[in-house]
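The opening residue of the sequence shown carries number 155 in this note's numbering; numbering runs sequentially from there.
First the structure, in the form of structure tokens, and then the observations on it.
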Amino acid sequence: MSVANEHAASGGTVAPERLLETQRAFDSVAPDYDGPRGNNALIQRMRSTLWDTVAAEMPVGSHLVDLGCGTGLDAGEFARRGYHVLATDWSPAMVERTRHRAATQGLQERLSAAHVGIQQLDQLQGSFDGMYSNFGPLNCAPDLPAVAAECARLLRADGCLVFSVIGRICPWEIGHYGVRGRFKRAAVRAARGVTAVGMNGHTIWTWYHLPREFYRAFAKHFVLDRYCALSLFLPPPYLVDFCERHPRLSARLGQCDDRLGGLPLLRDMGDHFLIVMRKR
């Protein structure tokens with residue numbers, strides 16, 4: 155298997171076998187992804203930030219596309235609020251979880267799911283008011299300019315993108331692994347090309363991004379509105395035990411995230427960043 159050295163933001167490629175490895179990784183965790191693996195308190199905090207941002211940018215009743223829907227937690231929430239959501243994912247098991255959620259919660263009129271990966275958006279048809287993506291599905295996209303072009307094709311005039319993307323500079327991660335002498339792990343996000351990230355005995359092929367380099371892939375079709383850090387002062391979700399041991403300190407760190415995460419320089423760091431763009 156071969157992989158181009160180009161960064162995804164410049165139009166990279168990945169071998170089809172590696173896309174399938176990523177698919178199998180998410181299939182393997184779909185049954186328990188609503189538990190601590192995929193939805194602890196820190197994850198829910200970031201999730202709520204995306205919910206609030208989408209709600210502020212797009213009125214109830216809007217037609218949305220969820221890129222990388224997972225088990226449909228976000229899609230289900232927006233459908234309950236009155237949005238019409240087409241949820242997409244590269245993992246067939248995740249798509250089935252989303253369809254089950256829609257059926258059991260009586261959301262089928264407003265929530266549908268399609269087995270479509272980030273790299274397959276050319277398969278979608280229709281006209282939508284906005285798109286959102288939570289917790290890094292776009293980090294698995296080998297060719298971001300192609301994704302940007304497809305998003306522009308599918309969105310109506312002034313359509314909005316709200317994306318939560320895994321960032322390149324996470325001070326908590328660097329410190330956590332650095333003090334333990336695991337320097338290679340501490341620097342994993344520094345890779346310019348695709349990186350193998352383990353999950354549940356499988357591999358997720360991942361690209362890490364700085365906010366500005368991520369936006370450059372979309373700049374031809376979209377105007378940058380704003381972006382902010384997610385979990386900069388708070389630790390990344392896999393260190394949720396720290397927050398459970400230090401609840402008062404964690405509450406203060408959360409306030410720092412809310413108040414300072416959108417400031418220049420600080421907004422370029424953090425476990426994730428939240429970016430909002432408008433169609434030109």
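Even for Gly, the Cβ is constructed at its ideal location relative to N, Cα and C.
Is residue 243 helix, strand or coil when you go by DSSP?
Mapped onto the sequence shown, residue 243 falls at position 89. Correct three-state label for residue 243: strand.
With DSSP collapsed to three states, give me the class of residue 433.
For this step, residue 433 is matched to residue 279 along the sequence shown. Looking at residue 433 - three-state DSSP - the assignment turns out to be strand.
Mark residue 324 as exposed unless 16 or more other C-beta atoms lie within 10 angstroms of its C-beta, in which case mark it buried.
Translated into the one-based positions of the sequence shown, residue 324 becomes position 170. It counts as buried.
Once you ignore the five residues that flank residue 225 on each side, which residues in its own chain have a CB closer than 8 Å to its CB?
The residue given as residue 225 occupies position 71 in the sequence shown. Result list for residue 225: 184, 187, 188, 192, 248, 251, 252, 255, in chain order.
If I'm right that residue 202 touches residue 354 with Cβ under 8 Å, what's the distance once you round it to whole angstroms?
Within the sequence shown, residue 202 is the residue found at index 48, counting from 1. Within the sequence shown, residue 354 is the residue found at index 200, counting from 1. Contact flag wrong, Cβ pair sits at about 26 Å.
Spatial distance of residue 206 from residue 428 (CA atoms):
Locating residue 206 in the sequence shown gives position 52, counting from the first residue. Locating residue 428 in the sequence shown gives position 274, counting from the first residue. In a straight line, the C-alpha of residue 206 is about 12 Å away from that of residue 428.
Same chain, Cβ closer than 6 Å to residue 244, neighbours up to 5 away in sequence not counted
Start at 1 with the first residue of the sequence shown, and residue 244 comes out as number 90. Here the set comprises 177, 271.
At least three beta-carbon pairs within less than 8 Å, the segment 164-179 to the segment 291-299
yes
Which one or two residues does DSSP pair with residue 320 in a beta bridge?
Position 166 of the sequence shown, counted from the first residue, corresponds to residue 320. Residue 320 is bridged to 426.
Of all the options 179, 301, 309, 287, which has the alpha carbon lying nearest to the alpha carbon of residue 228?
Position 74 of the sequence shown, counting from 1, holds the residue named residue 228. Ranking 179, 301, 309, 287 by Cα distance to residue 228 puts 287 first.
What did DSSP end up calling residue 397 once you bin it into helix, strand or coil?
Numbered from its first residue, the sequence shown carries residue 397 at position 243. In this structure, residue 397 counts as helix in the three-state DSSP scheme.
Sequence-distant residues of its chain with Cβ nearer than 7 Å to residue 358 (five each side left out)
Taking the first residue of the sequence shown as 1, we reach residue 358 at position 204. Hits under 7 Å: 176, 179, 294, 351.
For the beta strand (DSSP E) containing residue 220, list its first residue and its last residue.
Position 66 of the sequence shown holds residue 220. Note, residue 220: beta strand (DSSP E), 217-221.
Outcome for residue 317 when other beta-carbon atoms lying within 10 angstroms are tallied against a minimum of 16
Here residue 317 refers to the residue found at position 163 when the sequence shown is read from its first residue. Burial call: buried.
Would you tell me roughly how many angstroms separate the C-alpha atoms of residue 167 and residue 402, rounded to the nearest one?
Locating residue 167 in the sequence shown gives position 13, counting from the first residue. Locating residue 402 in the sequence shown gives position 248, counting from the first residue. Roughly 45 Å separates the two Cα atoms.
What residues in its chain sit with their C-beta under 7 Å from that of residue 378, if we drop five residues either side in the sequence?
Position 224 of the sequence shown, counting from 1, holds the residue named residue 378. Counting only Cβ-Cβ distances below 7 Å, and skipping sequence neighbours, we find 369, 431.
Would you say residue 347 reaches chain C, if we count a Cβ-Cβ gap shorter than 8 Å as a contact?
This model lacks chain C altogether, as it is built from one protein chain only.
Drop a sphere of 10 angstroms on the beta-carbon of residue 410, count the other beta-carbons inside from all chains shown, and report buried for 16 or more, exposed for fewer.
As a working mapping, residue 410 is identified with position 256 in the sequence shown. It is exposed - the Cβ of residue 410 has fewer than 16 other Cβ atoms within 10 Å.
Assuming contact is defined by CB atoms lying nearer than 8 Å, are residue 240 and residue 219 in contact in what I supplied?
As a position in the sequence shown, residue 240 is number 86, starting the count at 1. As a position in the sequence shown, residue 219 is number 65, starting the count at 1. Yes, they are a contact pair.
Here's the rule I'm using: 16 or more other beta-carbon atoms within 10 Å means buried, otherwise exposed. How should residue 418 be labelled?
The count along the sequence shown starts at 1 and reaches residue 418 at position 264. It counts as exposed.
If residue 397 sits next to residue 196, beta carbons under 8 Å apart, how far is it from one beta carbon to the other, in whole angstroms?
Walking along the sequence shown from the start, residue 397 turns up at place 243. Walking along the sequence shown from the start, residue 196 turns up at place 42. The pair is a contact, with the Cβ atoms about 6 Å apart (cut-off 8 Å).
Assign residue 172 to one of three DSSP states: helix, strand, or coil.
Looking up residue 172 in the sequence shown gives position 18. Three-state result, residue 172: helix.
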